[in-house]
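Heads up, the thing below is written out as structure tokens.
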Amino acid sequence: MNLDLHIADLNCPEMPELFRLKEEIDDAVLFRVVGRVSAISGESIEIEGLTVPLGAICQVTTQTGQHLKGRVIGFRGVRPLLAPLEPLESVTAGDRVELLEKQQHLLVGDSLCGRVLDAFGQAIDGQPLARDLYRVRAEQKPPATLDRPPICEAIETGVRVIDGLLTCGRGQRIGIFAGSGVGKSTLLGMLANACKADRIVIAMVGERAREVKEFIHHCLGDMGLSRSVVVVATSDAPAAQRVTAAWTATSIAESFRDQGHHVLLLFDSVTRFATAQRELGLAAGEPPTTRGFPPSVFQALPRLVERAGCSLKGAITAFYTVLVEGDDHQEPIADSLRSLLDGHLVLTRELAEESHYPPIDPLQSISRLQPKLVDKSLVSAVGKIRRLLADYRKHADLIAIGAYRQGTDPRIDSAISMHDRYKSLAIQDWRDVTSLSESQEMIANLAVEEKLPSSAAEAESVSRYDPIGTSIDL
């Protein structure tokens, strides 16, 4: 008789990981903690007779029997301040308040794929959640610094300008910076439709309710939704709920990464998250600083983006949209995020007005990891194209009015001849998908077609003229 039995052959239920058991024990509420509403100021509720930690989830029971959840965002003296996670209705002084959780938890697992969730991880698509999900904390620590493998593999996005000129890596964090109505959501739809990833998590924080169903049906489709999880907190939701949606989406992405998957996190938008955090900070009594943003906003941004990236088990490639107010790219949220992310894509209103989609400006955009992800020949080709695009932009006014004479300057001649070919490459329908290798080959061919001086010394030997053809004596 063969006694060599394997555990898998016994069909034993899988034991939870020890660290999850420890988290459950640490976060368990072992006895009832009850207080009452003392005062209401704006969107914050002051509680008395209740001792709870920062970030705890509490429930207010109104005199009409309604239940309202809220998150502890600060303290006024010894009294906790509660930010409502649901619309603030029918709350009066003296209402009962009870501690539910020391911090927010949610259910995660592969069965979430294809589902649309609210900020608390509950399904809003009319179907119950599966029973094979497990609980995790919504706010977790990012991977340790020395546990982050280097990013050395390019990711295929299907967008020619990104894959060719601004190549991104698996585990990279990229910002999409643009004003309102320029095309951020459309570009996210292209990425969701074509990007090579095992799982997709989409956070729609503070966006229009109309966009949710439209994005799911027109951008994701049935195939895209089957590998995606959509987390929604629309613009009319309370500030605490919008902030919670950000942590929920990030935690779901982390759970997939911990299973060894490559996850694509599409976050729209981090500016709405920062605005919601500003509302909470001001309600908690923080002093407003740059453009009214309290210090907690600039503490929350790195906590959010650092949770993405590579770990020893998997990777999260994250694209964060940034709404640039008044097309001012130096405003504090945009400026802070540029320093935190591994690259940025700038979408300009001028290109969008020309029906140039996606309206990515390659001269204002950068992928900091591209030189490590592609070979030297492509890096050289990208540099040549960027120089030609810069030359064309510098003399665009003279070219437009016909003041520049062909043959005056070899570089400007090359820039003019390349410009139309570049635009035909860069303009791409959202349903059009191009592979990574094809995009890079197109960029390499575009650079090869332009005959330019190959060295600085050779460039200096070329006769110099002014833009309208008058010789300049050097």
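With the sequence shown counted from 1, adding 11 to any position gets you the working numbering.
Where is the CB? At the ideal position from N, CA and C, for every residue including glycine.
Keep in mind it's a predicted model, so treat the numbers as computed, not measured.
Quick one: what's S378 bridged to in DSSP?
Taking the first residue of the sequence shown as position 1, residue 378 is located at position 367. For S378, which the question treats as bridged, DSSP gives the partners G354.
Which of the three DSSP states, helix, strand or coil, is assigned to S450?
Numbered from 1 along the sequence shown, position 439 holds the residue referred to as residue 450. Correct three-state label for S450: helix.
Let me check one thing: in DSSP terms, what residues is Q70 bridge-paired to?
Looking up residue 70 in the sequence shown gives position 59. Beta-bridge pairing links Q70 to K80 and E109.
Between which two residues does the beta strand (DSSP E) carrying R289 extend?
Numbered from its first residue, the sequence shown carries residue 289 at position 278. Premise fails: R289 lies in the alpha helix (DSSP H), V281 to A294, not in any beta strand (DSSP E).
Among the candidates T73, V212 and A50, whose CA atom is the shortest distance from the CA of S266?
The residue given as residue 266 occupies position 255 in the sequence shown. For S266, the nearest C-alpha among the options comes from V212.
Which two residues bound the contiguous alpha helix (DSSP H) that contains A214?
The sequence position of residue 214 within the sequence shown is 203, counting from 1. Premise fails: A214 lies in the beta strand (DSSP E), R210 to V216, not in any alpha helix (DSSP H).
Would you list, in sequence order, the uninterrupted alpha helix (DSSP H) runs of no fewer than 4 residues that lie entirely inside the region 220–255?
List check, alpha helix (DSSP H) in window: 220–225 and 232–237.
DSSP puts A392 in a beta bridge; with which residues?
By one-based count along the sequence shown, residue 392 stands at place 381. DSSP output for A392 lists no bridge partner at all.
Check each candidate in S450, I68, A458 and A104 and name the one with the smallest Cα separation from I84.
One-based indexing of the sequence shown puts residue 84 at position 73. Taking only the C-alpha atoms, the option nearest I84 is I68.
When burial is assigned at 16 or more other CB atoms within 10 Å of the CB, is C179 buried or exposed?
What you label residue 179 is simply residue 168 of the sequence shown in a count that begins at 1. The residue is buried, with at least 16 neighbouring Cβ atoms inside 10 Å.
Give me the residue from T103, L140, G88 and A155 with the minimum Cα distance to R314.
Position 303 of the sequence shown holds residue 314. Ranking T103, L140, G88 and A155 by Cα distance to R314 puts A155 first.
Are the region 143–152 and the region 118–130 touching, with three or more C-beta to C-beta distances below 8 Å?
Yes: at least three Cβ pairs fall under 8 Å.
State the DSSP-derived secondary structure class of G186, mapped to helix, strand or coil.
Counted from its first residue, the sequence shown places residue 186 at position 175. Reduced to three states, the DSSP call for G186 is strand.
DSSP state of E57, grouped into three classes?
On the sequence shown, position 46 is the one that residue 57 refers to. E57 falls in the strand class under three-state DSSP.
Alpha carbon to alpha carbon, how far is Y403 from L176?
Within the sequence shown, residue 403 is the residue found at index 392, counting from 1. Within the sequence shown, residue 176 is the residue found at index 165, counting from 1. For Y403 and L176, the distance between alpha carbons rounds to 17 Å.
When you compare the CB positions of A345 and E54, do they come within less than 8 Å of one another, or not?
Stepping through the sequence shown from its first residue, residue 345 is reached at position 334. Stepping through the sequence shown from its first residue, residue 54 is reached at position 43. It is not a contact, given that the beta carbons lie outside the stated cut-off.
In three-state DSSP terms, what is R398?
Taking the sequence shown and counting its residues from 1, the one referred to as residue 398 is at position 387. Helix.
Restricting to Cα atoms, I'd like to know which of I162, S347, A363 and T261 is closest to G492.
With the chain covering 12 to 485 only, the question about residue 492 has no answer from this structure.
Reducing DSSP to helix, strand and coil, say where I427 ends up.
Translated into the one-based positions of the sequence shown, residue 427 becomes position 416. In this structure, I427 counts as helix in the three-state DSSP scheme.
Is the region 134–141 touching the region 400–420, taking contact as three or more C-beta pairs under 8 Å?
As far as the Cβ criterion goes, the region 134–141 does not touch the region 400–420, which means the pair count is below three.
Does the beta-carbon of C321 have 16 or more other beta-carbons within 10 angstroms, so that it is buried, or is it exposed?
Reading the sequence shown from its first residue, position 310 is the one you call residue 321. Classification of C321: buried, given that the 10 Å Cβ count is 16 or more.
Whole angstroms are fine: how far does the CA of P343 sit from the CA of F309?
The sequence position of residue 309 within the sequence shown is 298, counting from 1. The sequence position of residue 343 within the sequence shown is 332, counting from 1. Using only the alpha carbons, I get a separation of about 9 Å.
Mind the definition here: the region 392–400 touches the region 217–225 only if three or more C-beta pairs lie below 8 Å; say whether that holds.
No: fewer than three Cβ pairs fall under 8 Å.
For D338, which of F188, G182, G235 and D209 has the nearest alpha-carbon?
Taking the sequence shown and counting its residues from 1, the one referred to as residue 338 is at position 327. Checking every option, the nearest Cα to that of D338 belongs to F188.
In the DSSP assignment, the beta strand (DSSP E) including R146 goes from what residue to what residue?
Counting from one through the sequence shown, the residue named residue 146 turns up at place 135. Run containing R146: Y145 to R148, per the beta strand (DSSP E) assignment.
Taking the DSSP output, what are the residues bridged to C321?
Within the sequence shown, numbered from 1, the residue matching residue 321 stands at position 310. In DSSP, C321 forms a bridge with A326.
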